[in-house]
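There are 2 protein chains.
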Amino acid sequence: MAPIKNGRHLFNEVPVGYPVPGKTTVYDESETIDLETVPLNGGILIKALSFSIDPYMRGKMRAPTKKSYSPPYAIGEPLNNHAVGVVLRSENPSFKAGDHVWAFLPFQEYVVQTNVAHVKLLENKENIPWSNYVGAAGMPGQTAYLGWKIFSKAKKGETVFVTTGAGPVGSIVAQLAKLGGLKVIASAGSDEKVEFMKKIGVDVAFNYKTTDTVKVLEEHGPIDIYWDNVGGATLEAALDAANPYARFIECGMISQYNQTSPYGVKNLMNIVGKRLSINGFIVSDHMTPENAKDFYDTIPAMIAKGELVFLEDKKYGLDKVGEAILDVQSGKNHGKSVIVVAEE
Amino acid sequence: MAPIKNGRHLFNEVPVGYPVPGKTTVYDESETIDLETVPLNGGILIKALSFSIDPYMRGKMRAPTKKSYSPPYAIGEPLNNHAVGVVLRSENPSFKAGDHVWAFLPFQEYVVQTNVAHVKLLENKENIPWSNYVGAAGMPGQTAYLGWKIFSKAKKGETVFVTTGAGPVGSIVAQLAKLGGLKVIASAGSDEKVEFMKKIGVDVAFNYKTTDTVKVLEEHGPIDIYWDNVGGATLEAALDAANPYARFIECGMISQYNQTSPYGVKNLMNIVGKRLSINGFIVSDHMTPENAKDFYDTIPAMIAKGELVFLEDKKYGLDKVGEAILDVQSGKNHGKSVIVVAEE
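The listed protein sequences derive, respectively, from chains D and X.
Just so you know, the first sequence maps onto residues 11 to 354 in my numbering.
Just so you know, the second sequence maps onto residues 11 to 354 in my numbering.
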């Protein structure tokens with residue numbers, strides 16, 4: 011078989027403010043691959059099906075001198091993130107052609123993976139769509155499930171405020187909170203998203219662009235738990251609206267990622283006065299074998315039974331990556347952003 | 011016996027910015043008391059020996075409409091705080107004349123206490139000075155001891171940054187950290203305080219008014235634990251200097267108490283990226299019988315043996331309260347601020 015094109019999406023330059031499709035990142039077709047003869051060196055050849063586009067990717071678009079919790083993207087190299095793929099060929103006895111896997115992959119159509127330590131076989135007994143495994147049954151779902159389980163200390167009857175409540179993490183958090191018997195206040199950036207939040211059971215759903223967060227929390231708070239995906243002025247509002255001993259789960263601060271001058275939070279004395287506990291977390295720290303088993307035993311089944319409802323915002327083709335990233339950074343996506351490279 | 015003067019120090023008006031002695035609070039001699047005939051109604055008559063002057067008192071000098079963790083002072087009424095006193099008369103079988111007690115008392119020379127639920131008998135087997143029981147062996151010492159014990163998760167070889175390192179809380183924290191095998195960086199507001207911090211074993215002692223905190227932490231950090239008594243820009247510097255998984259103990263934010271426009275902290279994204287845990291605490295929440303026993307079994311003995319060194323800044327007479335409060339708010343006190351009303 012002749013070599014075929016192996017489309018890739020590359021990191022091109024460090025953005026200032028919002029990333030610009032075609033400038034910050036570029037689609038590239040210069041590489042080819044011969045699927046039958048490419049050497050595997052004991053590894054596996056994966057065909058990418060779906061890539062996840064996540065808010066945190068903005069933090070990796072930085073100068074390499076700037077330290078952070080995950081390594082920066084390298085200029086001229088493909089972006090990378092969680093993906094679902096199918097094994098085409100294998101020289102590793104743990105995998106066979108036709109197996110589906112969840113892995114952290116470079117943004118390219120085909121990749122040879124020799125280090126398979128973090129390539130996870132997906133059983134998918136529940137027969138949910140493969141794309142779910144980069145969303146509700148993937149890293150965003152793990153973030154919601156384990157963050158809530160480990161840090162919320164939720165008690166029935168308490169009130170939680172969830173930001174990005176229509177998004178892949180926030181919408182799962184909101185539903186887990188409802189299942190736990192909590193009152194859920196949740197915000198999102200469009201009336202369409204507000205409608206979706208109402209549909210999944212959010213008690214007080216509001217559009218933060220047209221409704222004042224401070225007033226909503228004054229009316230419907232105080233809050234016992236704050237799930238933070240946005241930071242900035244919203245975090246400030248949550249600090250003022252917190253009950254004593256409230257728990258703040260710091261999952262992300264997307265309102266700040268594209269700001270050249272970050273927002274200054276002025277009311278941190280609430281932390282002392284209200285004895286708040288605030289925990290930042292990155293889900294990969296908590297993916298122990300026990301937690302991973304718990305997650306995969308629980309969430310795909312809940313999805314299959316319709317107990318967890320969520321949206322996917324699919325774009326087709328690796329050339330759409332730049333656009334998808336910008337949508338996620340600016341809140342234009344409606345549901346979990348997925349790049350579908352191939353259906354099977 | 012004829013009635014005698016019962017001097018008091020009253021809250022007079024809500025301050026804007028720093029409290030003004032003689033204006034915010036005033037000394038008053040209009041009351042008298044007959045120590046022999048004043049009715050006890052089943053309670054005890056206490057003669058005050060020493061009152062504690064603490065940073066947090068500023069938060070109680072507020073309009074009553076403003077909620078906070080401790081009730082506001084009432085205009086025209088005496089201030090109140092932790093004190094050591096001696097029982098003059100008793101109608102309660104748990105107390106007898108001559109007993110020494112630790113109690114939350116109004117700022118007056120003599121007081122009849124009918125509710126003795128929170129009056130603690132002091133045994134003082136170690137024979138340390140009574141004034142210590144409002145300092146290292148009182149609330150500030152409890153704050154340092156229990157805050158460190160519960161929230162620091164300190165491990166030998168780690169680095170802690172302690173603010174107000176010459177003060178009644180910070181100096182005890184610094185010494186507990188040294189005893190635990192940590193490297194201690196500590197800040198204070200004068201060269202005299204820096205000398206004292208060096209004397210108690212602080213590894214990197216600096217005057218934050220003449221030395222840049224950011225630079226000190228860049229050179230001697232990163233830090234695993236931050237003991238916050240000051241908030242504002244110092245908290246911001248600590249967030250940047252924190253190691254992943256660092257613990258922030260939020261005990262106070264004195265840099266903010268007298269500001270009409272609080273400082274905006276801009277780098278809270280560190281909480282997520284570094285998976286920080288930040289806990290606000292008020293020591294009274296943690297004074298369970300077990301913790302109280304642990305504290306009184308441990309700290310007075312350490313003081314008596316010279317294992318904990320600290321300074322007391324004594325002022326004599328209830329007329330000096332306003333001045334002492336301002337000194338504490340502006341950092342002019344050198345050691346634990348105590349108002350001595352009587353030696354015995």
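The beta carbon of each residue, even a glycine, is placed where N, CA and C say it ideally should be.
In whole angstroms, what is the alpha-carbon distance linking residue i and residue j?
{"i": "I43/D", "j": "K70/D", "result": "27 Å"}
{"i": "K276/X", "j": "L189/X", "result": "34 Å"}
{"i": "D304/X", "j": "H296/X", "result": "12 Å"}
{"i": "A73/D", "j": "N301/X", "result": "49 Å"}
{"i": "F206/X", "j": "T173/X", "result": "14 Å"}
{"i": "F161/D", "j": "V121/X", "result": "46 Å"}
{"i": "E46/X", "j": "R99/X", "result": "8 Å"}
{"i": "N134/D", "j": "F114/D", "result": "18 Å"}
{"i": "A164/X", "j": "A187/X", "result": "8 Å"}
{"i": "N91/X", "j": "D323/D", "result": "59 Å"}
{"i": "K159/X", "j": "E353/D", "result": "55 Å"}
{"i": "I210/D", "j": "T308/D", "result": "19 Å"}
{"i": "S104/D", "j": "P139/D", "result": "23 Å"}
{"i": "S80/X", "j": "I292/X", "result": "10 Å"}
{"i": "M263/D", "j": "N217/X", "result": "34 Å"}
{"i": "Q355/X", "j": "K219/D", "result": "Outside the modelled stretch of chain X, which goes from 11 to 354, sits residue 355/X, for which no answer is possible."}
{"i": "Y143/D", "j": "F61/D", "result": "10 Å"}
{"i": "G17/X", "j": "E23/X", "result": "19 Å"}
{"i": "W237/D", "j": "A251/X", "result": "25 Å"}
{"i": "A12/D", "j": "A311/D", "result": "42 Å"}
{"i": "P150/D", "j": "S141/D", "result": "12 Å"}
{"i": "I63/X", "j": "G274/D", "result": "31 Å"}
{"i": "W112/X", "j": "A243/D", "result": "43 Å"}
{"i": "G32/D", "j": "G332/D", "result": "7 Å"}
With respect to the beta strand (DSSP E) encompassing residue i, which residues constitute its N-terminal and C-terminal limits?
{"i": "V30/D", "result": "Counting along the chain, V30/D falls outside any beta strand (DSSP E), and DSSP gives it neither H nor E."}
{"i": "G151/D", "result": "Segment 149-161 is the alpha helix (DSSP H) holding G151/D; no beta strand (DSSP E) there."}
{"i": "Q118/D", "result": "No beta strand (DSSP E) contains Q118/D, which DSSP labels as neither H nor E."}
{"i": "K346/D", "result": "346-350"}
{"i": "K208/X", "result": "Unbroken run through K208/X is the alpha helix (DSSP H), 201-209; no beta strand (DSSP E)."}
{"i": "A215/X", "result": "214-217"}
{"i": "L278/X", "result": "No beta strand (DSSP E) holds L278/X; DSSP gives it neither H nor E."}
{"i": "L132/X", "result": "That residue, L132/X, is in no beta strand (DSSP E); it is neither H nor E in DSSP."}
Along the alpha helix (DSSP H) that carries residue i, what are the first and last residues, could you check?
{"i": "H230/X", "result": "223-230"}
{"i": "R72/D", "result": "Note, R72/D: premise wrong, no alpha helix (DSSP H); not H, not E."}
Just tell me which of the options has its CA closest to the CA of residue i.
{"i": "A198/D", "options": "L192/D, G191/D, V179/D", "result": "V179/D"}
{"i": "A215/X", "options": "Q185/X, G241/X, R72/X", "result": "Q185/X"}
{"i": "V30/X", "options": "L55/X, W158/X, K330/X", "result": "K330/X"}
{"i": "I14/D", "options": "E41/D, G32/D, M312/D, V204/D", "result": "E41/D"}
{"i": "N137/X", "options": "Y306/X, N51/X, A247/X, V348/X", "result": "Y306/X"}
{"i": "V26/X", "options": "Y267/X, V111/X, V170/X", "result": "Y267/X"}
{"i": "K106/D", "options": "L336/D, L132/D, F117/D", "result": "L132/D"}
{"i": "I355/X", "options": "S347/D, G274/D, N289/D", "result": "A question about residue 355/X goes unanswered here, because the residues of chain X that appear run from 11 up to 354."}
{"i": "Y66/D", "options": "I56/D, L59/D, S78/D", "result": "S78/D"}
{"i": "Y155/X", "options": "D201/X, L318/X, M279/X, G52/X", "result": "L318/X"}
{"i": "S340/D", "options": "S265/D, Y273/D, S294/D", "result": "S265/D"}
{"i": "K203/X", "options": "I56/X, K342/X, G157/X, T35/X", "result": "K342/X"}
Is any heavy atom in the ligand ZN found nearer than 8 Å to the beta carbon of residue i?
{"i": "E354/X", "result": "Because no ligand of any kind appears in the structure shown, any question about the ligand ZN cannot be addressed here."}
For a contact meaning CB atoms closer than 9 Å, what does residue i contact in chain A?
{"i": "G177/D", "result": "Absent here is chain A; the protein component of the structure consists of chains D and X."}
(message) Short of 9 Å Cβ to Cβ, which residues in the segment 266-292 of chain X face chain D?
(response) Legend: CB atoms of the segment 266-292 of chain X lying less than 9 Å from CB atoms of chain D belong to residues Q266, Y267, S271, P272, Y273, G274, V275, K276, N277, L278, M279, N280, I281, V282, G283, K284, R285, L286, S287, I288, N289, G290, F291, I292.
(request) Can you check the segment 284-334 of chain D for any alpha helix (DSSP H) of at least 4 residues that lies completely inside it and give the ranges in chain order? (result) Listed in chain order, the complete alpha helix (DSSP H) runs (minimum 4 residues) inside the segment 284-334 of chain D are 299-314.
(request) Give, in chain order, every residue of the segment 65-79 of chain D whose Cβ lies closer than 8 Å to some Cβ of chain X. (result) Interface annotation for the segment 65-79 of chain D against chain X: G69, S78, Y79, criterion Cβ-Cβ distance under 8 Å.
(request) Note down, in chain order, all residues in the segment 249-261 of chain X with a beta-carbon under 9 Å from any beta-carbon belonging to chain D. (result) Taking 9 Å as the Cβ-Cβ cut-off against chain D, the residues of the segment 249-261 of chain X that qualify are P254, Y255, F258, E260, C261.
(message) Please identify, using Cβ separations under 7 Å, the residues of the segment 140-172 of chain X that lie next to chain D, in order along the chain.
(response) For chain D, none of the residues of the segment 140-172 of chain X brings a beta carbon within less than 7 Å of one of its beta carbons.
(request) Enumerate, from N- to C-terminal direction, the unbroken alpha helix (DSSP H) stretches of 4 or more residues contained entirely within the segment 171-198 of chain D. (result) DSSP runs (the alpha helix (DSSP H)) wholly in the segment 171-198 of chain D: 180-189.
(request) Please list the residues of the segment 293-313 of chain D that have a C-beta atom closer than 8 Å to any C-beta atom in chain X, keeping them in chain order. (result) For the segment 293-313 of chain D, which is checked against every Cβ of chain X, the residues closer than 8 Å are D295.
(message) Give me the subset of the segment 220-233 of chain X whose CB atoms are less than 9 Å from a CB atom of chain D, sorted by chain position.
(response) In summary, no residue of the segment 220-233 of chain X has a CB separated from any CB of chain D by less than 9 Å.
(message) If we require 4 or more residues per run, which alpha helix (DSSP H) segments fall completely within the segment 230-268 of chain X?
(response) Counting only runs of 4 or more, we get 242-251, 264-267.
(message) Restricting to runs no shorter than 4 residues, where is the alpha helix (DSSP H) found entirely within the segment 37-107 of chain D?
(response) Listed in chain order, the complete alpha helix (DSSP H) runs (minimum 4 residues) inside the segment 37-107 of chain D are 67-70.
(message) By the 7 Å beta-carbon criterion, what residues does the segment 21-34 of chain D contribute toward chain X?
(response) Of all residues in the segment 21-34 of chain D, none has a Cβ within less than 7 Å of some Cβ in chain X.
(message) Counting only Cβ-Cβ distances shorter than 9 Å, please list the residues of the segment 340-352 of chain X near chain D, keeping chain order.
(response) For chain D, none of the residues of the segment 340-352 of chain X brings a beta carbon within less than 9 Å of one of its beta carbons.
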